[in-house]
Amino acid sequence: MTGKIKLPALEIFMTAVDAVEFSKVLKDQIQSVKFITQYIWPDLNIPISDVLDMEIAKNINFSVINTDILSIEDYKKKYVIHYPGSNYDGAMVGEGLVRFSCSRMAGYAPGSLRNGRLTASYDLLEEPETDKFVKTVWKIFKKGAKKVYLINRETGQIADKPETRFFAWPDAAKKFNGEDGHYLTNHAFAYFVAKDV
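Using the numbering used here, you'd call the opening residue of the sequence shown number 43 and step up by one each time.
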């Protein structure tokens, strides 16, 4: 049987406050989720938390793992690589996993927030539980998010239609609302605001 690989992605604008709130909402809706802080680990004591705290949420990428689909032990066996004489590194996407890449301040536009991403990668036919999990995470994320609209920074004109893949959570939408040069941005020629803030 030939698989059907799915690579869903959302472009997200979130502050650390938003990321912490998102983790709480996810945990409330899906009790089996945990958050794996992603970076090079010195050993197999992988940094895992039930919800994010502000320090973890600040500019650190993490994976959301559904332990009903993939246990922590199975994650370590299947998805963690040990480099001999060095450290450990874990996969960010796969069965039962969603990757969260943090939004960051845009170096090309001081005072503006560049988007992060929610991504996943799985086989639809072989991993139907992961498909259901990812769709649930997307639904929860979108329910808490605000739609964003392209804005012309020079004229202040805002597009009539919202972007379809870009979303902002409330704290990011409020802080990066176009006032005093504080925008949501994807690249040097794309800036956004949330209309209903």
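Even for Gly, the Cβ is constructed at its ideal location relative to N, Cα and C.
Contact under 8 angstroms by Cβ, residue i with residue j
i, j, result
"K237", "Y191", "yes"
"W211", "F64", "yes"
"K48", "L166", "yes"
"M147", "Q80", "no"
"S143", "N108", "no"
Through-space distance from residue j to residue i, alpha-carbon basis
i, j, result
"N162", "K46", "Note that residue 162 corresponds to Ala in the displayed sequence, not to Asn. The straight-line gap from Cα to Cα measures roughly 13 angstroms."
"Y225", "R207", "17 angstroms"
"W83", "L52", "27 angstroms"
"I90", "G138", "15 angstroms"
"G149", "L160", "21 angstroms"
"V179", "L68", "7 angstroms"
"V59", "G127", "38 angstroms"
"G223", "A151", "8 angstroms"
"G132", "T197", "46 angstroms"
"T227", "N219", "11 angstroms"
"N103", "E97", "12 angstroms"
Limits of the unbroken beta strand (DSSP E) element including residue i
i, result
"K76", "V75 to T79"
"F209", "F208 to A210"
"L68", "Taken as a continuous stretch (DSSP letters only), L68 belongs to no beta strand (DSSP E), being part of the alpha helix (DSSP H) at A58 to Q71."
"Y233", "A232 to V235"
Extent of the continuous alpha helix (DSSP H) to which residue i belongs
i, result
"I54", "That residue, I54, is in no alpha helix (DSSP H); its beta strand (DSSP E) goes A51 to F55."
"L167", "No alpha helix (DSSP H) holds L167; DSSP gives it neither H nor E."
"D116", "I114 to Y121"
Exposed unless 16 or more other CB atoms sit within 10 angstroms - verdict on residue i
i, result
"S145", "buried"
"T57", "buried"
"N157", "buried"
"L94", "buried"
"L112", "buried"
"I193", "buried"
Selected residue, minimal CA-CA separation from residue i, among the options
i, options, result
"E168", "T109, F183, V62 and G136", "G136"
"A232", "E205, V122, Y125 and I98", "E205"
"I54", "A214, E221, D222 and Y125", "A214"
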